[in-house]
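Residue numbers (numbering that gives the first Met the number 0), protein chains in the order written: chain P, 0 to 301; chain B, 0 to 301. Beta carbons: idealized from backbone N, C-alpha and C, even for Gly. Values in this document were obtained by computation on a predicted structure and should not be read as measured data. Down below is the structure, laid out as structure tokens.
Protein chains: 2
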Amino acid sequence: MSLLVVGSVAFDAVETPYGKVDRMLGGAATYFSVAASFFTHVNLVGVVGNDFTTRDASVFRGRRIDTAGLERSDGKTFFWAGKYNQNMNERTTLATELNVFADFKPKLPGTYQSSEHIFLANIDPTLQSSVLHQVTRRPKIVALDTMNYWIERTPKELRETLRHTDILMINDSETRQLSNEHNLLLAARHIFTLGPKALVIKRGEYGAMLVHQNRSFSVPAFPLEMVHDPTGAGDTFAGGFMGYLASIPRVGDAELRRAMVYGSVMGSFTVEKFGLERLKKLKRPEIRARARHFYKMTQFSL
Amino acid sequence: MSLLVVGSVAFDAVETPYGKVDRMLGGAATYFSVAASFFTHVNLVGVVGNDFTTRDASVFRGRRIDTAGLERSDGKTFFWAGKYNQNMNERTTLATELNVFADFKPKLPGTYQSSEHIFLANIDPTLQSSVLHQVTRRPKIVALDTMNYWIERTPKELRETLRHTDILMINDSETRQLSNEHNLLLAARHIFTLGPKALVIKRGEYGAMLVHQNRSFSVPAFPLEMVHDPTGAGDTFAGGFMGYLASIPRVGDAELRRAMVYGSVMGSFTVEKFGLERLKKLKRPEIRARARHFYKMTQFSL
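In structure tokens form, the structure reads like this:
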């Protein structure tokens with residue numbers, strides 16, 4: 000039971016209608032691994048610069064996160080700045096400074112090479128492929144995230160990576176862009192011809208939808224009276240989803256549904272505060288309680 | 000167990016990416032009553048012109064729909080023309096000809112005046128109020144739909160009508176506009192101070208959400224590979240919702256949830272074809288089967 004994540008560790012500057020933070024720890028692999036560590040042991044592969052302090056690294060300590068794969072390079076850590084609009088449903092990227100991430104070549108420590116569960120966060124598909132090449136035995140589940148940038152600029156490389164992907168986790172517009180199909184069921188059917196056997200569509204305030212085989216399963220977003228910062232919600236979702244799947248011996252339909260719920264649960268916590276603030280203070284009983292809340296919110300009898 | 004609906008009976012011209020119909024029967028009260036008649040007996044109040052033929056009226060025959068309250072006036076029937084964009088998520092109104100509807104004053108036949116369940120479709124709030132004044136005993140449930148036009152132009156009259164409303168059934172943007180609050184939970188809380196005890200938010204392709212007391216319940220939209228015409232989906236939803244509630248002796252949380260599902264089920268059929276085509280051919284076993292499908296699509300265990 001080991002879960003490998005490869006992706007960005009970053010500093011973010013974020014402005015939302017509820018506040019402004021000039022520099023806080025972020026990055027897909029950070030959100031993912033903290034969320035997943037509530038469920039299983041996580042092996043983290045990423046890169047940081049020499050501005051990344053022991054204090055920054057403290058978010059990983061005391062959790063089931065192995066940072067032997069977190070490379071340290073000469074230079075500055077990846078930096079992203081963004082601003083959300085009044086309704087939090089749109090964001091503007093104000094700055095993307097790749098810094099040490101520009102030359103990042105993921106290298107898996109020996110102990111990571113037999114990972115059974117792998118999450119390839121949103122990075123260059125060529126790097127995603129290079130991770131899979133370093134794995135010594137066939138993983139049980141490879142899940143992947145990507146974005147419009149790679150769908151447009153490196154379609155061939157992305158297709159090659161998708162051939163080896165079991166679960167694709169993207170949002171509505173990426174689903175439509177990748178498949179060139181507006182209807183999500185038809186989009187899913189197209190995506191299944193590219194490799195993935197399951198598609199998880201992240202829909203923000205509208206929840207998430209799983210399509211696999213001929214079934215679909217939907218889970219709403221948790222209704223919150225206050226969303227402070229949506230940054231990292233999708234990666235936290237992925238962390239809860241994959242963390243749960245990596246923690247159980249066998250994955251079937253019931254388990255995929257439960258993973259959707261745990262993904263939604265974790266994502267709903269992240270947005271309650273800025274950055275990782277809420278996740279850092281999160282306790283396991285809160286996860287169970289919110290999962291029960293999702294249950295109450297969706298169940299009915301006929 | 001009687002369900003009264005007051006609203007428009009109309010002719011529609013609709014264009015979607017899947018076709019174009021120059022004149023078909025429509026109107027909120029039409030969709031509502033046909034949908035509700037699968038569950039209970041419906042009393043219809045509305046007005047048509049002398050272009051409304053026996054053939055047009057045939058949609059109501061052979062169903063549990065009483066049309067004694069469907070007035071016939073000298074002039075033409077209400078006409079609406081609209082066009083949907085490629086993704087069906089936006090529509091442009093091309094024409095609204097009120098015709099006989101301009102002077103419509105709802106008059107309840109004597110047998111309708113003791114209706115226990117009332118649905119006030121989207122019309123002038125003053126007319127909605129006038130319906131409630133004609134009712135001789137306190138109804139069990141009054142549900143109401145409205146739109147941006149009334150929220151902006153007749154806020155005072157709408158507030159007066161809302162004071163006597165149990166369930167408000169509107170869409171996201173109307174919810175936000177009426178409450179002047181983007182967050183839907185806070186919006187619901189505001190709306191509850193105006194009268195309604197429950198809020199049903201219709202979210203189109205994202206499903207529907209019920210908020211009442213301190214609980215929320217969400218049901219996704221049924222994923223369809225082909226949506227031909229979204230016209231009438233919201234009114235059909237209301238028909239399934241209220242039709243179900245009017246068919247049972249006691250309404251609690253479990254029954255409201257089931258009503259949300261039946262509303263979604265009925266709405267999902269309507270959009271499969273143009274206008275009332277799908278509802279006209281619908282059979283009860285199909286309703287049960289699709290409700291079970293909703294069940295499969297949303298249920299999970301922890």
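Out of P:Leu-198, P:Val-270, P:Asp-165, state which residue places its alpha-carbon closest to the alpha-carbon of P:Ser-178.
Residue 178 of chain P sits at position 179 when you count from the first residue of the first sequence. The option with the nearest alpha carbon to P:Ser-178 is P:Leu-198.
For P:Gly-74, which of P:Leu-161, P:Gly-48, P:Asn-88 has the nearest alpha-carbon?
Here residue 74 of chain P corresponds to residue number 75 of the first sequence, with the count starting at 1. Of P:Leu-161, P:Gly-48, P:Asn-88, the residue nearest in Cα terms is P:Gly-48.
Taking the alpha-carbon of B:Arg-158 as reference, which of B:Asn-170, B:Asn-84, B:Ser-128 has the nearest alpha-carbon?
If you number the second sequence from 1, residue 158 of chain B lands on position 159. Here the closest residue by C-alpha is B:Ser-128.
Please give the ranges of any alpha helix (DSSP H) in the region 33–72 of chain B, keeping only runs that are unbroken, at least 4 residues long and fully inside the region.
53–56, all fully within the region 33–72 of chain B.
How would you list, in chain order, the residues of chain P whose beta-carbon sits under 9 Å from the beta-carbon of B:Ser-302?
Limits of chain B in this structure are 0 at one end and 301 at the other, which puts residue 302 of chain B out of reach.
6 Å Cβ shell around B:Ser-217 - same chain, five flanking residues per side excluded:
What you label residue 217 of chain B is simply residue 218 of the second sequence in a count that begins at 1. Here the set comprises Met-208.
With distances taken from CA atoms, which of B:Arg-63, B:Leu-161, B:Leu-223, B:Gly-6 is nearest B:Ile-150?
Translated into positions along the second sequence, residue 150 of chain B becomes position 151. Closest by alpha carbon: B:Leu-161.
Would you please verify whether the beta carbon of P:Ser-217 is less than 8 Å from any beta carbon of chain B?
One-based indexing of the first sequence puts residue 217 of chain P at position 218. The beta-carbon of P:Ser-217 is placed less than 8 Å from the nearest beta-carbon of chain B.
Are the region 59–74 of chain P and the region 137–150 of chain P touching by the rule of at least three beta carbon pairs closer than 8 Å?
By the C-beta criterion, the region 59–74 of chain P is judged not to be in contact with the region 137–150 of chain P, since fewer than 3 inter-stretch pairs fall below 8 Å.
Does the beta carbon of P:Ala-290 come closer than 8 Å to any beta carbon on chain C?
As a matter of chain content, chain C is missing from the structure shown, whose protein chains are P and B.
Selected residue, minimal CA-CA separation from B:Lys-155, among B:Ala-232, B:Val-44, B:Asp-123
Looking up residue 155 of chain B in the second sequence gives position 156. Restricting attention to B:Ala-232, B:Val-44, B:Asp-123, the CA atom closest to the CA of B:Lys-155 is found in B:Asp-123.
Under the DSSP definition of a beta bridge, which residues are partnered with P:Val-20?
Residue numbering aside, residue 20 of chain P sits at position 21 when the first sequence is read from its first letter. As DSSP reads the structure, P:Val-20 sits in a beta bridge with P:Val-13.
Starting from the beta carbon of P:His-181, find every residue of chain B whose beta carbon is closer than 8 Å, and list them in chain order.
Here residue 181 of chain P is taken as the residue at index 182 of the first sequence, counted from 1. The contacting residues are Gln-85, Asn-86.
Tell me whether P:Val-114 is buried or exposed, calling it buried when 16 or more other Cβ atoms sit within 10 Å of its Cβ.
Here residue 114 of chain P refers to the residue found at position 115 when the first sequence is read from its first residue. A quick correction: the sequence has Ser, not Val, at residue 114 of chain P. Answer is buried; the Cβ neighbour count reaches 16.
Own chain partners of B:Leu-244 with C-beta closer than 7 Å, once the 5 adjacent residues on each side are dropped:
Position 245 of the second sequence, counted from the start, is the residue given in the question as residue 244 of chain B. Closer than 7 Å at the Cβ level, and outside the excluded window around B:Leu-244, lie His-116, Ile-140, Val-250, Glu-254, Ala-258.
Out of curiosity, what's the CA-to-CA distance linking B:Pro-105 and B:Leu-193?
Taking the second sequence and counting its residues from 1, the one referred to as residue 105 of chain B is at position 106. Taking the second sequence and counting its residues from 1, the one referred to as residue 193 of chain B is at position 194. Between B:Pro-105 and B:Leu-193, the C-alpha separation is close to 24 Å.
Starting from P:Val-260, find everything on chain B with Cβ-Cβ shorter than 8 Å and list it in chain order.
On the first sequence, position 261 is the one that residue 260 of chain P refers to. In chain order: Phe-299, Leu-301.
B:Phe-268, DSSP secondary structure in three states:
In the second sequence, the residue the question calls residue 268 of chain B occupies position 269. Here B:Phe-268 sits in helix by DSSP.
Burial state of P:Glu-224, where buried means 16 or more other Cβ atoms lie within 10 Å
As a first step, residue 224 of chain P is located in the first sequence; it is residue number 225 there, counting from the start. Only exposed fits P:Glu-224, as fewer than 16 other CB atoms lie within 10 angstroms of its CB.
Kindly give me the distance between the Cβ atoms of P:Thr-125 and P:Val-99, rounded to whole angstroms, as I take these residues to be in contact under 8 Å.
Translated into positions along the first sequence, residue 125 of chain P becomes position 126. Translated into positions along the first sequence, residue 99 of chain P becomes position 100. The beta-carbon distance between P:Thr-125 and P:Val-99, rounded to whole angstroms, is 18 Å. This is too long to meet the 8 Å contact definition.
Neighbour flag for P:Tyr-30 against chain B, beta carbons, 8 Å:
As a first step, residue 30 of chain P is located in the first sequence; it is residue number 31 there, counting from the start. Not one chain B Cβ lies under 8 Å of P:Tyr-30.
In whole angstroms, give me the CA-to-CA distance for B:Thr-297 and P:Phe-191.
For the purposes of this step, residue 297 of chain B is identified with residue 298 of the second sequence, where counting begins at 1. For the purposes of this step, residue 191 of chain P is identified with residue 192 of the first sequence, where counting begins at 1. Cα to Cα, B:Thr-297 sits roughly 22 Å from P:Phe-191.
Using a Cβ-Cβ cut-off of less than 8 Å, give me the residues of the region 269–284 of chain P that come near chain B, in sequence order.
Result list empty, no residue passes.
Which chain B residues are close to P:Pro-222, counting only those with a beta carbon under 7 Å from its beta carbon?
Along the first sequence, read from residue 1 onward, the residue named residue 222 of chain P stands at position 223. Residues of chain B passing the Cβ test: Leu-183, Leu-184, Ser-215.
Is the distance from the Cβ of B:Phe-103 to the Cβ of B:Phe-10 below 8 Å?
On the second sequence, position 104 is the one that residue 103 of chain B refers to. On the second sequence, position 11 is the one that residue 10 of chain B refers to. No; because the gap between Cβ atoms is not below 8 Å, this pair is not in contact.
Do B:Arg-90 and P:Phe-299 count as a contact pair if the criterion is CB distance below 8 Å?
Numbered from its first residue, the first sequence carries residue 299 of chain P at position 300. Numbered from its first residue, the second sequence carries residue 90 of chain B at position 91. Pairing P:Phe-299 with B:Arg-90 gives a Cβ-Cβ distance that is not under 8 Å.
Beta-carbon gap between P:Gly-242 and P:Ala-34 smaller than 8 Å:
For the purposes of this step, residue 242 of chain P is taken as the residue at position 243 of the first sequence. For the purposes of this step, residue 34 of chain P is taken as the residue at position 35 of the first sequence. Between P:Gly-242 and P:Ala-34, the C-beta gap is smaller than 8 Å, which places the two residues in contact.
Any heavy atom of the ligand NAP closer than 7 Å to the CB of P:Gly-109?
The model on display carries no ligand, and the ligand NAP is accordingly not part of it.
Spatial neighbours of B:Met-23 in its chain, beta-carbon cut-off 6 Å, leaving aside the 5 residues before and after
Numbered from its first residue, the second sequence carries residue 23 of chain B at position 24. Excluding residues within five positions, the ones whose Cβ falls inside 6 Å are Asp-11, Gly-274.
Would B:Gly-203 and B:Asn-88 be called neighbours here (beta carbons separated by less than 8 Å)?
Indexing the second sequence from 1 puts residue 203 of chain B at position 204. Indexing the second sequence from 1 puts residue 88 of chain B at position 89. Yes, the Cβ-Cβ distance between B:Gly-203 and B:Asn-88 is below 8 Å.
Minimum C-alpha distance to B:Met-265 - residue among B:Tyr-30, B:Thr-92, B:His-163:
The residue given as residue 265 of chain B occupies position 266 in the second sequence. The shortest CA-to-CA distance from B:Met-265 to any of B:Tyr-30, B:Thr-92, B:His-163 is the one to B:Tyr-30.
Partner residues on chain B for P:Tyr-243, Cβ-Cβ distance less than 7 Å
Start at 1 with the first residue of the first sequence, and residue 243 of chain P comes out as number 244. Listed along chain B is no residue with a C-beta nearer than 7 Å to that of P:Tyr-243; the closest approach is about 11 Å.
Within its chain, find whatever has a CB closer than 8 Å to the CB of B:Gly-206; leave out the 5 residues flanking it on each side and keep chain order.
The count along the second sequence starts at 1 and reaches residue 206 of chain B at position 207. So the qualifying residues of the chain are Ser-217, Val-218, Pro-219, Ala-220, Ser-263.
By the three-class DSSP mapping on this structure, what secondary structure does B:Glu-89 have?
The count along the second sequence starts at 1 and reaches residue 89 of chain B at position 90. DSSP places B:Glu-89 in coil when its eight states are reduced to three.
What number of angstroms, rounded off, separates the C-alpha of P:Phe-163 from the C-alpha of P:Glu-70?
In the first sequence, counting from the first residue as 1, residue 163 of chain P sits at position 164. In the first sequence, counting from the first residue as 1, residue 70 of chain P sits at position 71. Inspection of the sequence shows that residue 163 of chain P is occupied by His rather than by Phe. Distance from the CA atom of P:His-163 to the CA atom of P:Glu-70, rounded to whole angstroms, is 25 Å.
Between the Cα of P:Leu-3 and those of P:Lys-19, P:Thr-39, P:Val-20, spot the shortest distance and give me the residue it belongs to.
Here residue 3 of chain P is taken as the residue at index 4 of the first sequence, counted from 1. Of the candidates P:Lys-19, P:Thr-39, P:Val-20, the residue whose Cα lies closest to the Cα of P:Leu-3 is P:Thr-39.
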